[in-house]
Amino acid sequence: MSKSARARLVHWSTPTVSLVFGVVYLVAAWASGRPWLGVAMLAVMLAFGGGVLLAARRSETVRGLLDRRDERIVGIDLRAAAASGLAIILAVIGGAVVELARGHSGAPYTWLAAIGGVVYLAAVVVQRARS
Amino acid sequence: MELVVTGNTVRDLRVDRGLSQAQLAEAMQVSRQTINSIEVGRYTPSLGLAIALARYFGTSVEEMFHVQER
Chain B
95 MSKSARARLV HWSTPTVSLV FGVVYLVAAW ASGRPWLGVA MLAVMLAFGG
145 GVLLAARRSE TVRGLLDRRD ERIVGIDLRA AAASGLAIIL AVIGGAVVEL
195 ARGHSGAPYT WLAAIGGVVY LAAVVVQRAR S
Chain D
992 MELVVTGNTV RDLRVDRGLS QAQLAEAMQV SRQTINSIEV GRYTPSLGLA
1042 IALARYFGTS VEEMFHVQER
């Protein structure tokens, strides 16, 4: 596959994932007897995917985040993802502490923290082997 | 030994050839913002992009990027 064909494919991955998750939300909400909630969630995901595609026409940064050809923007994306992950980890730890203080088991926060920890360790092992 | 990039000649080389930032960005397959960030020293490119820039301008990476030992 050529570099530009690959970039085109990657460019459409975020809108495609938005569409797929929107349909998954729709099916899940429909299965629980709340079809209009599912329709609303699908609409939100379609709006997000469409909004990203429209923004990519005007913004070099959004375009770079979508096609991932620009190493600087890929680096920005990685650091932003790390910051986002850190915020989620802090929220999960906070949730676990609050739940434990209330006399509960800490679930599901403790499970989420465990998943995060295991994935981090696995990523370190894989990246260490690859670099 | 740690080397720090203290400056570069990308802007001079680009202007000498009458290129816009957008044209150089297109040739390097990066964004115009990235070329600007490199020129002003806000972003140090990867070895791959540095070599691509040096080859494009017919020079070497060491001539293009000035470094200083820290």
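First to last, the sequence lines map onto chains B and D. Count the first sequence with the working numbering and you get residues 95 to 225, in order. Count the second sequence with the working numbering and you get residues 992 to 1061, in order. Every residue, glycine too, gets a C-beta built ideally from N, C-alpha and C.
1) By the DSSP assignment, the beta strand (DSSP E) with Val996/D in it spans what residues?
2) At the 8 Å Cβ level, is Leu1015/D part of the contact set with chain B, yes or no?
3) Using 8 Å as the threshold, is the C-beta distance between Leu1015/D and Ile1026/D below it?
4) What whole-angstrom Cβ distance do Ala1041/D and Met1019/D have, given they're in contact under 8 Å?
5) Buried or exposed, going by whether 16 or more other CB atoms sit within 10 Å of the CB of Pro202/B?
6) Examine chain D for any beta-carbon lying closer than 8 Å to the beta-carbon of Asp164/B, and answer yes or no.
7) Which runs of the alpha helix (DSSP H) fall wholly inside the segment 137–182 of chain B and span at least 4 residues, in chain order?
8) Verify the CB distance criterion: does Thr110/B have a CB-CB separation below 8 Å to chain D?
9) Glu154/B touches chain D at which residues, Cβ-Cβ below 9 Å?
10) Helix, strand or coil: how does DSSP classify Gln1020/D here?
11) Is there a Cβ of chain B sitting closer than 8 Å to that of Tyr1047/D, yes or no?
12) Three-state secondary structure (DSSP) at Val1058/D?
13) In terms of alpha-carbon separation, which member of Gly179/B, Gly197/B and Ala195/B lies closest to Gly211/B?
14) Does DSSP classify Trp227/B as helix, strand or coil?
15) Three Cβ pairs or more, each shorter than 8 Å: is that satisfied between the segment 104–119 of chain B and the segment 168–177 of chain B?
16) So which residues on chain D does Ile167/B lean against when the C-beta distance must stay under 9 Å?
17) Can you check which of these residues, Ala223/B, Arg166/B and Ala190/B, is closest to Thr1035/D by C-alpha distance?
Straight from the coordinates:
1) Note, Val996/D: beta strand (DSSP E), Leu994 to Asn999.
2) Chain B, which has no Cβ nearer than 8 Å to the Cβ of Leu1015/D, makes this no.
3) The answer is yes: Cβ separation under 8 Å.
4) Wrong, their Cβ atoms sit about 10 Å apart, outside the cutoff.
5) Exposed, since its Cβ has fewer than 16 Cβ neighbours within 10 Å.
6) Yes, contact with chain D.
7) The segment 137–182 of chain B is shown to contain whole alpha helix (DSSP H) runs of 4 or more residues at 154–161, in chain order.
8) At a cut-off of 8 Å between beta carbons, Thr110/B makes no contact with chain D.
9) Those within 9 Å of Glu154/B in chain D are Ala1016, Ser1022, Arg1023, Gln1024 and Thr1025.
10) DSSP places Gln1020/D in the coil class of the three-state scheme, outside both helix and strand.
11) Chain B, which has no Cβ nearer than 8 Å to the Cβ of Tyr1047/D, makes this no.
12) Strand.
13) Nearest option by C-alpha distance: Gly179/B.
14) Because chain B here runs from 95 to 225, residue 227/B falls outside it and cannot be looked at.
15) At 8 Å Cβ cutoff, the stretches do not touch.
16) Neighbours of Ile167/B on chain D, chain order: Val1021, Ser1022, Gln1024 and Thr1025.
17) The option with the nearest alpha carbon to Thr1035/D is Arg166/B.
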